Amino acid sequence: MLRSVILAASRSSQVERLVATAPYTRDVVRRFVAGAATDDALRVTRGLIDDGLAVTLDHLGEDTVTSEQAVATRDEYLRLLKMLAEAGLTPAAEVSVKLSALGQMFDEQLAYDSVRAICAAADAAGTTVTLDMEDHTTTDSTLEVLGKLRKDFPSTGAVLQAYLRRTESDCRELSSAGSRVRLCKGAYKEPESVAYQSAREVDKSYVRCMNILMSGDGYPMLATHDPRMIAIGEDRARWFDRGADRFEFQMLFGIRPEEQARLAGEGYTVRTYVPYGDDWYGYLMRRLAERPANLVFFGRALMSKK
Ligand SMILES: Cc1cc2nc3c(=O)[nH]c(=O)nc-3n(C[C@H](O)[C@H](O)[C@H](O)COP(=O)(O)OP(=O)(O)OC[C@H]3O[C@@H](n4cnc5c(N)ncnc54)[C@H](O)[C@@H]3O)c2cc1C
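Structure (structure tokens):
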């Protein structure tokens, strides 16, 4: 219920204005977002890599509605990749891209040409791209784009969401050799017709999907903060004899940093998803919807008169 309200608020421009202008929003945002500028992204990336973590960078923005915005997003990724390579931060750092930020909703060709240019730039920089997954109405088109990109850039990563009923079957399709697949629970409000609704059902699906990916030939990327899912992931890694170069854990910047450090200390590959940029509202609201404790933290900061 609370999750639905917050996810509805994530689409409200009135709530967005209220949140964006509240005095201590900045402090909350800073906990989950590296900063507004490319230099902030680079600084945070360097720190994480120095601490033994890998990174995937996301330039914030989604549901782009003009070609100017879409082209600006593409250009930011091209700039970022060049700067990462020059700073010696590749291949430890890769990038995550949302097709909706590149104009997928109004100009599929523009979005495709842009993501292709980003993949080519990542390739030249010695790293890779992962295509973030958005709501279920975009799953087919995103997987179609993935298939086309992989012809020239086979290491392009996919994301599958365990809450969708179709995902076990997608895991089977995508567990071939070399296939990089991030498995997450899923962050959008989805109808019962396509998605499991209870946490228990989603968790069970996550484990089934993890079993398919970890026993397959691809490169699973287990994106979760859930202690139970992580423990099962560690168990499957032992069972299927997957070392640090054959799968990875992924978590979001600012969430369970001690656990990220612990896993890296145990010798696992751990990648931190680092968002940066001005357009943090939708991202932050999804994080709040996931965890009431974040909402309390956020509420306190909003009420603060300090
Ligand atoms: C690297 C990465 C990339 C992602 N990419 C996508 C994507 O492309 N598309 C998409 O739809 N979603 C994406 N997500 C979001 C994902 O789908 C989930 O919404 C999100 O990760 C929350 O699910 P969870 O598995 O962490 O566990 P949850 O079910 O949210 O939480 C389970 C348990 O984990 C622990 N936990 C969770 N959050 C915290 C916290 N803040 N502090 C302490 N403990 C905590 C608690 O014990 C909690 O009970 C991504 C997530 C990650 C980590």
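FYI, the numbering for the sequence shown is 1 to 306, going by the UniProt record's numbering.
C-beta: ideal position from N, C-alpha, C; glycine also.
Fair warning: this is a prediction, and the values are worked out from it, not measured in the lab.
{"Item": "Of the choices Ala121, Leu42 and Tyr112, whose alpha-carbon is the least far from that of leucine 143?", "Value": "Tyr112"}
{"Item": "Applying the 10 Å Cβ sphere with the 16-neighbour rule, what's the burial state of tryptophan 239?", "Value": "exposed"}
{"Item": "With a cut-off of 8 Å on the beta carbons, I'd call glycine 61 and threonine 73 a contact; round off their distance for me.", "Value": "6 Å"}
{"Item": "Residue range of the beta strand (DSSP E) that glutamine 69 falls in?", "Value": "Taken as a continuous stretch (DSSP letters only), glutamine 69 belongs to no beta strand (DSSP E), being part of the alpha helix (DSSP H) at 67-86."}
{"Item": "Counting C-beta neighbours from all protein chains within 10 Å, is the total for valine 129 16 or more, i.e. buried, or is it exposed?", "Value": "buried"}
{"Item": "Is the distance from the Cβ of serine 175 to the Cβ of leucine 213 below 9 Å?", "Value": "yes"}
{"Item": "How big is the Cα-Cα spacing for arginine 180 and glutamate 192?", "Value": "28 Å"}
{"Item": "Is there at least one non-hydrogen atom of ligand 1 closer than 8 Å to the beta-carbon of aspartate 132?", "Value": "yes"}
{"Item": "For glycine 186, verify whether its CB is less than 8 Å away from any heavy atom of ligand 1.", "Value": "yes"}
{"Item": "Out of Leu102, Phe106, Asp39 and Glu68, point me to the one whose CA is closest to methionine 83's CA.", "Value": "Asp39"}
{"Item": "For alanine 70 versus alanine 124, is the C-beta distance shorter than 9 Å?", "Value": "no"}
{"Item": "Please confirm whether any heavy atom of ligand 1 lies closer than 8 Å to the CB of arginine 30.", "Value": "no"}
{"Item": "In this structure, does DSSP put arginine 3 in helix, strand or coil?", "Value": "helix"}
{"Item": "Given a threshold of 16 other Cβ atoms within 10 Å of its Cβ, counted over all protein chains shown, does asparagine 294 qualify as buried or as exposed?", "Value": "buried"}
{"Item": "Does the segment 152-171 come within contact of the segment 101-108, defined as at least 3 CB pairs closer than 8 Å?", "Value": "no"}
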